[in-house]
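Trainee:
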Amino acid sequence: MIIAVAHSRTPAGRAALDLALRESVLRGAELVVLHVVDRAESATSEAEDAVRASIAEHVPTIEGAGDVPTRIATAATRGDVAEAILGLAAEASAELLVIGSRRRSPVGKLIMGSTVQRVLLDSPVPVLVTRG
Numbered sequence: 001m002i003i004a005v006a007h008s009r010t011p012a013g014r015a016a017l018d019l020a021l022r023e024s025v026l027r028g029a030e031l032v033v034l035h036v037v038d039r040a041e042s043a044t045s046e047a048e049d050a051v052r053a054s055i056a057e058h059v060p061t062i063e064g065a066g067d068v069p070t071r072i073a074t075a076a077t078r079g080d081v082a083e084a085i086l087g088l089a090a091e092a093s094a095e096l097l098v099i100g101s102r103r104r105s106p107v108g109k110l111i112m113g114s115t116v117q118r119v120l121l122d123s124p125v126p127v128l129v130t131r132g
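Just so we're aligned: 76 in full-length UniProt numbering is position 76 of the sequence shown, and the numbers increase by one with no gaps anywhere.
1) Closest to Leu96 by CA distance: which of Ile72, Ala65, Val37 and Pro126 is it?
2) What is the rounded straight-line gap between the Cα of Thr130 and the Cα of Ser45?
3) In this structure, how does DSSP classify Ala82 when only helix, strand and coil are distinguished?
4) Output needed for Ala15: all residues of its chain with C-beta closer than 6 Å, excluding positions within five of it in sequence on either side, in chain order.
5) Counting along the chain, where does the beta strand (DSSP E) carrying Thr74 start and finish?
6) Helix, strand or coil for Gly28? Go by DSSP, reduced to three states.
7) Just confirm the distance between the C-beta atoms of Ala4 and Val32, as a whole number of angstroms; I'd bet it's less than 8 Å.
8) Give me, in chain order, the residues of the same chain whose beta-carbon lies closer than 6 Å to that of Glu23; leave out the 5 immediate sequence neighbours on both sides.
9) Can you grab the Cα-Cα spacing for the pair Ala29 / Gly79, in whole Å?
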C-alpha cells in the first residue's frame, strides 16, 4: 500500500505528516510526501530539502517510523494546488491521501479551505483529513 501526504510548512501540514507517518507504520505502507510550491516561491530542490528536514523532525517522535520507506514528490505550480496534489498522488499510485486542514470559525467551516475541499471532492482515493 502507498500512502500519500500533502505536506506544507504549517501546523496543518505538520499534523498531516505526523498522522501519515503513524498510518504508514500501522499499515506497513510506503509513504510518499507530496509538496507543492509556487513557481515564484522557491526552487524545487530547496523545497525538497525543507521536506526532508520536516520528515527528519517527525520520524524520531513516532515508534517504528524510521522503518517506513519514504519518497518525496514535489511539483511547482502557479495556481491550482489541489490539482497538483491530486496529480502527484496519482503519479505515486497512492491508495490513501492524508491532508491537513486548519481550524476555522463557524463561518469558515461553511466555506472550508478551497484546496482541502477540492481534494476531498475530486480525489479518486480515500482522503483522511486532520486538523492542525
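Backbone N, C-alpha and C fix where the C-beta goes; we use that ideal spot for every residue, glycine too.
Mentor: Quick answer:
1) Reading the sequence shown from its first residue, position 96 is the one you call residue 96. Out of Ile72, Ala65, Val37 and Pro126, Pro126 has the C-alpha closest to the C-alpha of Leu96.
2) The residue given as residue 130 occupies position 130 in the sequence shown. The residue given as residue 45 occupies position 45 in the sequence shown. Distance between the alpha carbons of Thr130 and Ser45 is about 27 Å.
3) Translated into the one-based positions of the sequence shown, residue 82 becomes position 82. DSSP places Ala82 in helix when its eight states are reduced to three.
4) Along the sequence shown, one-based indexing puts residue 15 at 15. Hits under 6 Å: Gly100, Thr130 and Gly132.
5) Stepping through the sequence shown from its first residue, residue 74 is reached at position 74. Start and end: Thr70 to Thr77.
6) Position 28 of the sequence shown, counted from the start, is the residue given in the question as residue 28. DSSP places Gly28 in coil when its eight states are reduced to three.
7) Sequence index remark: in the sequence shown, residue 4 carries index 4 (1-based). Sequence index remark: in the sequence shown, residue 32 carries index 32 (1-based). About 5 Å; that satisfies the 8 Å criterion.
8) By one-based count along the sequence shown, residue 23 stands at place 23. Within the same chain, Glu23 has close Cβ partners Ile3.
9) Translated into positions along the sequence shown, residue 29 becomes position 29. Translated into positions along the sequence shown, residue 79 becomes position 79. Between Ala29 and Gly79, the C-alpha separation is close to 31 Å.
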